[in-house]
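In the numbering used here, the protein residues as written are 11 to 592. Backbone N, C-alpha and C fix where the C-beta goes; we use that ideal spot for every residue, glycine too. First the structure, in the form of structure tokens, and then the observations on it.
Here it is as structure tokens:
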């Protein structure tokens, strides 16, 4: 939470001082496009503590920007739904401003209705002109003015895998723990188990392509699948080009081949096979059938091959995990020797009695750069038995003191993101935000951010407690990556890396899982960077924020963290990923 200029606490972060009220009209557009400014004005209004000046600014934004009106309606609807369901967050009484404008003392629902009515009035003329089925103004699905919603309509989850190679889009990785939305799932090789939210489970043997339609329906285009359906999930169906298989509480295997041919075998219980003509064929334990040309006919079951079950997947997965862990250990021992390291933390040897996170870099100041554990608990990392630190509470952190100034730097960490429940979520934040100090964090929308400033936070003008937005933004450098994470990937491990070099242009590159990603926005990105400093800093939190209400604690796990005094090459980042991927 944070305080607006009117003293209101709203659920948004500073973005390293990129969000303040009272901007001039000239710079308001760029801030609004970052969406944070509009969010804060809207949340301040919905929380009933917006000042008269802020309310006037909100009205002006809504009158001049169709995307802003759309965003306001979205936030107002979400706020109403949360309050109806009792999902609001109670604020401590001492954080409420005692001096509110006459508007802000008006009941919040009445305020929301007034502005919502104004928004609808503004939208009606455009709607009448373009028709009810077309977007108004710049309200398109991929607009950059409003970040995509992180709402998830998942229907299944990958619960286990072994030697699995998935076909995915560039930069996107799926694996054990990935929540799956409706769509096509392609396993190139290996084994995997998918658990549907209806209770049914399927095991895939690559190569297999299957389309997940709903919690109770999947379409197998090609490959080999075994389905296990408990009584609670009875009615689960798998379709192929020629047949629909309705499970009646059982276990069966199905193979889809080229030219629409498929075969099914029942391991337990009963399956009803319905061909394209509507003819039904009941199959019981031990029965098998070939399906071709739209017809189903029983056949011998001795030519179907094997169908792996979950025990085979777990056995192979455990063996693979142990092997990958051992390979990573060997690579980590070699990495410690790199003279370019500022510090290296492999998290090995941690247990419930640990108080320090040991710096393993062979060159440098050794244990002077050890981290102090505060609140965090030891948990499993990328592999069973690999130690990690679990960041869960607002007080959890690892404290460091890293001296020196740097012309270049690389930060990388293996991170399991469980949730991004703050507007900004700490990876590695220096205390305060002084000259040259760095902030490395994640946005609520799933973007990686690096920020620094050659002046830090300027002194506040006379009569003000804090520096103004214009003062801070004049020198602030911020680099936001494209969004890579949403709630469907909760529990997945990512290699997050950022390289910085003051002598190069562009001076900064973000990497996700070994691949460089572009920018979604930023500020002063083309201007020279200051010498970079760390000093006292937190892993997973922010000990000395500019304002007490700026909470940025991480919700997730970290099991490897490194800092280099150089910008590693893309090939080096990719090698780190390949050597450490689960």
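Length of the line joining the Cα atoms of residue i and residue j
{"i": "residue 494", "j": "residue 531", "result": "14 Å"}
{"i": "residue 593", "j": "residue 165", "result": "For residue 593 there is no data in the structure shown, the boundaries of the chain being 11 and 592."}
{"i": "residue 255", "j": "residue 224", "result": "15 Å"}
{"i": "residue 222", "j": "residue 182", "result": "18 Å"}
{"i": "residue 214", "j": "residue 265", "result": "10 Å"}
{"i": "residue 444", "j": "residue 52", "result": "30 Å"}
{"i": "residue 212", "j": "residue 260", "result": "12 Å"}
{"i": "residue 253", "j": "residue 355", "result": "55 Å"}
{"i": "residue 323", "j": "residue 202", "result": "7 Å"}
{"i": "residue 524", "j": "residue 231", "result": "31 Å"}
{"i": "residue 236", "j": "residue 501", "result": "26 Å"}
{"i": "residue 587", "j": "residue 380", "result": "24 Å"}
{"i": "residue 185", "j": "residue 167", "result": "9 Å"}
{"i": "residue 484", "j": "residue 68", "result": "23 Å"}
{"i": "residue 250", "j": "residue 286", "result": "10 Å"}
{"i": "residue 392", "j": "residue 413", "result": "30 Å"}
{"i": "residue 217", "j": "residue 267", "result": "11 Å"}
{"i": "residue 572", "j": "residue 346", "result": "10 Å"}
{"i": "residue 371", "j": "residue 538", "result": "30 Å"}
{"i": "residue 233", "j": "residue 199", "result": "11 Å"}
{"i": "residue 422", "j": "residue 508", "result": "6 Å"}
{"i": "residue 563", "j": "residue 329", "result": "35 Å"}
{"i": "residue 281", "j": "residue 327", "result": "30 Å"}
{"i": "residue 257", "j": "residue 276", "result": "10 Å"}
{"i": "residue 274", "j": "residue 437", "result": "50 Å"}
DSSP state of residue i mapped onto helix, strand, coil
{"i": "residue 236", "result": "strand"}
{"i": "residue 574", "result": "strand"}
{"i": "residue 345", "result": "helix"}
{"i": "residue 199", "result": "strand"}
{"i": "residue 332", "result": "helix"}
{"i": "residue 321", "result": "helix"}
{"i": "residue 339", "result": "helix"}
{"i": "residue 404", "result": "coil"}
{"i": "residue 512", "result": "coil"}
{"i": "residue 525", "result": "strand"}
{"i": "residue 480", "result": "helix"}
{"i": "residue 243", "result": "helix"}
{"i": "residue 82", "result": "helix"}
{"i": "residue 50", "result": "helix"}
{"i": "residue 172", "result": "strand"}
{"i": "residue 65", "result": "helix"}
{"i": "residue 447", "result": "strand"}
{"i": "residue 517", "result": "coil"}
{"i": "residue 327", "result": "helix"}
{"i": "residue 270", "result": "helix"}
{"i": "residue 497", "result": "helix"}
{"i": "residue 473", "result": "coil"}
Where the alpha helix (DSSP H) through residue i begins and ends
{"i": "residue 586", "result": "580-590"}
Residue i: first and last residue of the uninterrupted beta strand (DSSP E) it sits in
{"i": "residue 535", "result": "Segment: none, residue 535 is in no beta strand (DSSP E) and carries neither H nor E."}
{"i": "residue 428", "result": "418-429"}
{"i": "residue 264", "result": "261-266"}
{"i": "residue 357", "result": "Premise fails: residue 357 is in no beta strand (DSSP E) and is neither H nor E."}
{"i": "residue 223", "result": "211-224"}
{"i": "residue 432", "result": "No beta strand (DSSP E) contains residue 432, which DSSP labels as neither H nor E."}
{"i": "residue 299", "result": "298-302"}
{"i": "residue 489", "result": "487-491"}
{"i": "residue 207", "result": "Residue 207 -> no beta strand (DSSP E), and no H or E assigned at all."}
{"i": "residue 546", "result": "542-549"}
Exposed unless 16 or more other CB atoms sit within 10 angstroms - verdict on residue i
{"i": "residue 343", "result": "exposed"}
{"i": "residue 415", "result": "exposed"}
{"i": "residue 325", "result": "exposed"}
{"i": "residue 598", "result": "Only positions 11 to 592 of the chain appear in the structure, and residue 598 is not among them; the question remains open."}
{"i": "residue 455", "result": "buried"}
{"i": "residue 283", "result": "buried"}
{"i": "residue 430", "result": "buried"}
{"i": "residue 49", "result": "buried"}
{"i": "residue 204", "result": "buried"}
{"i": "residue 458", "result": "buried"}
{"i": "residue 188", "result": "buried"}
{"i": "residue 570", "result": "buried"}
{"i": "residue 332", "result": "exposed"}
{"i": "residue 510", "result": "buried"}
{"i": "residue 398", "result": "buried"}
Within-8 Å CB hit, residue i to chain D
{"i": "residue 457", "result": "Any reference to chain D falls outside this structure, which holds one protein chain only."}
Cβ-heavy atom distance, residue i to the ligand MN, below 7 Å
{"i": "residue 301", "result": "Looking at this structure, you won't find the ligand MN or any other ligand, since it has none at all."}
Discussion item. Below 8 Å, how does it come out for the region 160-176 and the region 189-197: are there three or more Cβ pairs, yes or no?
Written reply: Yes, since at least three Cβ pairs between the region 160-176 and the region 189-197 fall closer than 8 Å, the two stretches touch.
Practice prompt. Please confirm if the region 511-518 is in contact with the region 403-411, defined as three or more CB-CB distances below 8 Å between the two stretches.
Written response: Not touching, per the Cβ criterion.
Worksheet item: Should the region 425-442 be called in touch with the region 538-548, which here means at least 3 C-beta pairs below 8 Å?
Response: Touching, per the Cβ criterion.
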